[in-house]
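A.B. asks: This structure is in structure tokens; I'll ask about it shortly.
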Amino acid sequence: MKPTIRARIRDGDRDAFGELFDEYARAIHHHAYRLTGDWSTAEDVVSLTFLEAWRLRERVDSDESAGPLRAWLYGVATNVARNVRRAARRHASAMARLPKPQPVPDHADEVVATIDERERLSMVRDAVARLRKHEREVLTLCVWSGFGYTEAAQALGVPVGTVRSRLSRARKRLEKLVAAGRVRPLAEPAEEKREPVARPGQTRGDRTNAVRFAQETPR
Amino acid sequence: MTNEHDDHDELARLLPDPAIRDLSAHRHRQIQEFLMTEFQPEARPVRRPRRRFALVTASVLAAAAVAVGAATGGFGLLAGGDGTAPDTAATQQYPDETPAARTFRLAAQYAAAQPWTDPRPDQWLYIKSSGSNPGPMAESKGMSKEGTDEVWLRADGVQMAAYNELHGKIEAWDQDNEYPFLSTLPTDPQQLLDALLAKLEQGADGAEDVQSPVGEDNPGLGRYVLSILDNNLLPPDVTSALWQAAALIPGAVVEGPTEIEGREVLTLGFVEDGWWSHQVLVDPATHEYVGFREIAVADGTYEESDISMKKGEVESIFFRDASGVVDGFGLTP
């Protein structure tokens, strides 16, 4: 019988980690940016997340009913993003071996967005920065990464009720910012979103080819 | 009353996803190749000890502070004392002061008296330490047995620098080094503790370490405070407040003077899980911070690991060799 992805990850199967990276690098990169607001840091978080995942691989629950593996990986990424410096120090020698990125003009926002949209994105970043860190984490998982509340709770290691309450507090805080003119709500449906808005219970919204991982741990 | 769907949908309406950029295919491949090189099957996953600390609320801490009377009680003492003769004036002023509390107080006084000029944002904080990692955990991680650690932290908080063995030179990289946060911590010890607790709570619901995806591990507030002293060079008033803040946390243990690697020091720390301690090393005469060590104070086993340590076994020990403010990374005071 072929080992499950969980078993392979636990056993330190490098190919399994390679598959994990292929599946999730892009999504973790986005997740890290949403949490840190900085693309360069987000890129570091990607590398550090997988270094941490390797280091912590034996902590992957072998119980196939433990939930989707991506919750574990996002949990690692979220912890890394909480204190990048500490993770970087832990993996300092490894990170020193990572080739430096080629400098590229920081114009990606301009490419994909109109002036109006750029302004809106700037306001979003400002608004997100005003949230408490744990509210931001729940927001990014549930609203932008397509996590259901249960899966977000697994990733963050908190009760589902805590996820709900944090999301509720984030909403109230954002509404105050809107009322104060600090954030402008979307006028139209979010057709420009790269990752569709998820609904509670949705297991994955951003990458169809990652469903395989989720399917291995049906709930 | 709102329901969760309302919250979710309203947030989605308010906030378009700001993540609009992907890693380039080249960078994706580059990082993947890097990681596959780093993922060596023979390398054992690192296990760190589970260091639980029941994070208390600020109000409880405040109550505890009152109860111990400004760091005059509530401290444990394994053996001895700090070995220095009590001065009469201090004894009269702090009649119930424990050796640990006294050590914290004197270390705070020493720190407060040090000269300091705030660095410009473009200057760097330099810290050099040397020591060894003789313990079994370090061995399992393949860490070098001994060495020197030099790090530069840019004062505006955005970069760090260190020696890159691969490239054979000192290189800087973009990294939040926390100096702006740490250097502006409140100088009132209780407010400082509150700020650190708030940061822990904000960061990880009480779990500040990057070792668990579910945030199950608490670091020990005492260790957290002391590790800030280990890893940073901060203004004297903040450094002094860190010592005073550590004194508000019950359970500190001081021993010595004892000779460690030819140096006479006091060891001051908090015991976690009944066997493991991260200790700062203090000069017994001046009460200057001189380094830190991680040691088993009783027989113990790292959680979820077969790595055990015997009482007295040292995991790591480092002495600070130099520190100061410099104009650029690679420079030394």
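So the protein sequences, as listed, match chains A and B.
The opening residue of the first sequence carries number 1 in full-length UniProt numbering; numbering runs sequentially from there.
The opening residue of the second sequence carries number 1 in full-length UniProt numbering; numbering runs sequentially from there.
Here a beta-carbon is modelled for each residue, glycine too, at the ideal position from N, C-alpha and C.
For clarity, every value in this text was computed on a predicted model and none was experimentally measured.
Under 9 Å between beta-carbons, which chain B residues line up against G18/A? List them in chain order, please.
C.D. replies: Near G18/A (Cβ distances below 9 Å), the residues of chain B are Q32, L35, M36, F39.
A.B. asks: For L221/B and chain A, any beta-carbon pair shorter than 8 Å?
C.D. replies: So, not an interface residue.
A.B. asks: Please compile the residues from chain A whose C-beta is within a distance smaller than 7 Å of the C-beta of N232/B.
C.D. replies: None at all; the shortest Cβ gap to chain A is about 11 Å.
A.B. asks: Considering E151/A, what are the terminal residues of the alpha helix (DSSP H) in which it resides?
C.D. replies: Unbroken alpha helix (DSSP H) run through E151/A: 149 to 156.
A.B. asks: Under 9 Å, CB to CB, which of the residues in the segment 7 to 23 of chain B have a partner in chain A?
C.D. replies: Residues passing the 9 Å Cβ filter: D7, H8, D9, E10, L11, A12, R13, L14, L15, P16, D17, P18, A19, I20, R21, D22, L23.
A.B. asks: Specify, as a first and last residue, the run of the alpha helix (DSSP H) that R223/B falls within.
C.D. replies: That run of the alpha helix (DSSP H) goes 221 to 231.
A.B. asks: When DSSP labels each residue in this structure, what does Y163/B get in the three-state scheme?
C.D. replies: Residue state, collapsed to three classes: strand.
A.B. asks: Take V158/B and list the residues in its own chain whose beta-carbon comes closer than 8 Å to its own, dropping the five residues that flank it on each side.
C.D. replies: Hits under 8 Å: D174, Q175, D176, N177.
A.B. asks: Any idea what DSSP makes of R89/A, helix, strand or coil?
C.D. replies: In the structure shown, R89/A sits in a helix (DSSP, three-state: H, G or I).
A.B. asks: Looking only at its own chain, which residues have a Cβ that is under 6 Å from the Cβ of D156/B, when we skip the five neighbours before and after it?
C.D. replies: These residues qualify, in order along the chain: P121.
A.B. asks: Just checking my contact of Y33/A with A42/A at CB under 8 Å: how many whole Å lie between their CB atoms?
C.D. replies: Between A42/A and Y33/A the Cβ distance is about 4 Å, and since that is below 8 Å, they are a contact.
A.B. asks: Contact criterion: CB-CB distance below 8 Å. Does L121/A meet it with respect to chain B?
C.D. replies: It does: the Cβ of L121/A has a partner Cβ on chain B nearer than 8 Å.
A.B. asks: Along chain B, which residues have their Cβ under 8 Å away from the Cβ of P99/A?
C.D. replies: Ordered by position in chain B, the residues that pass the 8 Å Cβ test against P99/A are Q30, F34.
A.B. asks: Based on the DSSP output, what are the partners of D174/B in its beta bridges?
C.D. replies: Q159/B.
A.B. asks: By Cβ distance below 8 Å, which residues in the same chain neighbour L56/A in space, the five residues on each side in sequence not counted?
C.D. replies: Excluding positions up to five away in sequence, the list reads V76.
A.B. asks: Grouping DSSP H, G and I as helix and E and B as strand, with all else coil, what is L331/B?
C.D. replies: In the structure shown, L331/B sits in coil (DSSP, three-state: anything other than H, G, I, E or B).
A.B. asks: Indicate whether G330/B and I170/B have their beta-carbon atoms separated by less than 8 Å.
C.D. replies: Yes, the Cβ-Cβ distance between G330/B and I170/B is below 8 Å.
A.B. asks: Closest by CA to G265/B, which one among F292/B, D17/B, A195/B?
C.D. replies: This sequence places Val at residue 265/B; Gly is not what is there. Out of F292/B, D17/B, A195/B, F292/B has the C-alpha closest to the C-alpha of V265/B.
A.B. asks: Would you check if the distance between the CB atom of L139/A and the CB atom of L167/A is smaller than 8 Å?
C.D. replies: Contact: yes.
A.B. asks: Can you find at least 3 beta carbon pairs, one from the segment 119 to 128 of chain A and one from the segment 12 to 29 of chain B, that sit closer than 8 Å?
C.D. replies: Touching, yes, given that three or more Cβ pairs across the two stretches are closer than 8 Å.
A.B. asks: Measure the Cβ-Cβ separation of R92/A and A12/B and say whether it is below 8 Å.
C.D. replies: It is Ala, not Arg, that sits at residue 92/A in the sequence shown. Contact: no.
A.B. asks: Quick one: using the 10 Å Cβ neighbour count with 16 as the cut-off for buried, is S240/B buried or exposed?
C.D. replies: So S240/B counts as buried.
A.B. asks: Leaving out five residues on either side along the sequence, give the residues of the same chain with a beta carbon under 6 Å from the beta carbon of L233/B.
C.D. replies: For L233/B, where only same-chain residues beyond five positions count, the Cβ hits under 6 Å are L125, I127, S323.
A.B. asks: Mind checking if Q175/B is an interface residue toward chain A, Cβ cutoff 8 Å exclusive?
C.D. replies: For Q175/B, the answer is yes, since a Cβ of chain A falls inside 8 Å of its Cβ.
A.B. asks: Taking the CB atoms as reference points, tell me whether A281/B and I260/B lie closer together than 8 Å.
C.D. replies: Going by the sequence as given, residue 281/B is Leu instead of Ala. Their beta carbons are under 8 Å apart, which means L281/B touches I260/B by this criterion.
A.B. asks: Quick check: P189/B and L248/B, are their CB atoms within less than 8 Å of each other?
C.D. replies: In this structure, L248/B lies closer than 8 Å to P189/B by Cβ.
A.B. asks: Let me know the secondary structure DSSP gives L61/B once reduced to three states.
C.D. replies: Unreliable placement is indicated for L61/B, whose pLDDT of 31 sits below 50; the coordinate value is still reported in the next sentence. Helix.
A.B. asks: With respect to the beta strand (DSSP E) encompassing F279/B, which residues constitute its N-terminal and C-terminal limits?
C.D. replies: The displayed chain sequence assigns Gln, not Phe, to residue 279/B. Taken as a continuous stretch (DSSP letters only), the beta strand (DSSP E) holding Q279/B covers 276 to 282.
A.B. asks: If you compare alpha carbons, which of D299/B, F319/B, R320/B, I317/B is closest to K311/B?
C.D. replies: For the residues D299/B, F319/B, R320/B, I317/B, the minimum Cα distance to K311/B belongs to D299/B.
A.B. asks: Rounded to whole angstroms, what's the CA-CA distance from G135/B to Q154/A? Just pull it up for me.
C.D. replies: Roughly 34 Å separates the two Cα atoms.
A.B. asks: Under 8 Å: do the segment 5 to 19 of chain A and the segment 47 to 61 of chain A share three or more Cβ pairs, one atom per stretch?
C.D. replies: Segments in contact, yes.
A.B. asks: How many whole angstroms separate the CB atoms of S47/A and I295/B, which I take to be in contact at a CB cut-off of 8 Å?
C.D. replies: S47/A to I295/B, Cβ: 32 Å. No contact.
A.B. asks: For chain A, check one thing: does any of its Cβ atoms lie closer than 8 Å to the Cβ of E178/B?
C.D. replies: Yes - at least one Cβ of chain A is within 8 Å of the one on E178/B.
A.B. asks: Skipping 5 residues on each side, what residues in its chain have a beta carbon closer than 8 Å to that of L182/B?
C.D. replies: Closer than 8 Å at the Cβ level, and outside the excluded window around L182/B, lie I228, N232, L234, V238.
A.B. asks: Among A7/A, Y24/A, K100/A, which one has its Cα closest to the Cα of A71/A?
C.D. replies: Checked all of A7/A, Y24/A, K100/A; the closest Cα to A71/A is Y24/A.
A.B. asks: Smallest Cα separation from M123/A: which of Y74/A, G181/A, A81/A, E151/A?
C.D. replies: Nearest of Y74/A, G181/A, A81/A, E151/A to M123/A, Cα basis: G181/A.
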